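Whatever position you read off the sequence shown (first residue = 1), add 11 for the working numbering. For every residue, glycine included, the Cβ atom is placed at its ideal position computed from N, Cα and C. Since this is a predicted model, take the numbers as computed values, not measurements.
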Amino acid sequence: LLQSDECFGSYAVLGLGDSNLLLDRQTTTAKDCNQVAEKLDSRLEALGGTRQLELGMADERTGLGEVEPWIEGFWLSVLSD
């Protein structure tokens with residue numbers, strides 16, 4: 012990821028994972044299959060970026076139901092600025 016400590020502006024991260032790919036499918040959640048999204052969100056924050064919207068995490072196994080509300084929130088946030 013970026014090495015500079017200079018802020019580049021606003022950001023929003025939506026992780027799209029698939030817990031079907033994990034060994035223990037019975038107890039996994041969207042959080043378990045979105046570690047890359049979590050790391051990216053943390054790194055962008057550490058670089059001084061401004062989080063435009065809370066980190067979104069969705070899981071293919073559960074139908075990606077979190078995606079549409081997150082996208083709607085994203086556009087509301089972008090258009091209100």
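### Query
DSSP on Ala69, reduced to helix/strand/coil?
Position 58 of the sequence shown, counted from the start, is the residue given in the question as residue 69. Note: Ala69 maps to strand in three-state DSSP.
### Query
Which term fits Asp45, buried or exposed, when burial requires 16 or more other beta carbons within 10 angstroms of its beta carbon?
On the sequence shown, position 34 is the one that residue 45 refers to. At residue 45 the sequence reads Asn, which differs from the Asp that was named. Looking at its Cβ environment, which holds 16 or more other Cβ atoms inside 10 Å, Asn45 is buried.
#### Entry: Supposed close pair Glu71, Asn31 - CB separation, criterion 8 Å
The residue you call residue 71 lines up with position 60 of the sequence shown. The residue you call residue 31 lines up with position 20 of the sequence shown. Correct: roughly 6 Å between the Cβ atoms.
#### Entry: For Tyr22 and Gly74, the rounded distance between their alpha carbons
By one-based count along the sequence shown, residue 74 stands at place 63. By one-based count along the sequence shown, residue 22 stands at place 11. Their Cα atoms are separated by approximately 25 Å.
### Task
Determine which residues share a DSSP beta bridge with Gly26 and list them.
Reading the sequence shown from its first residue, position 15 is the one you call residue 26. Paired residue(s): Met68.
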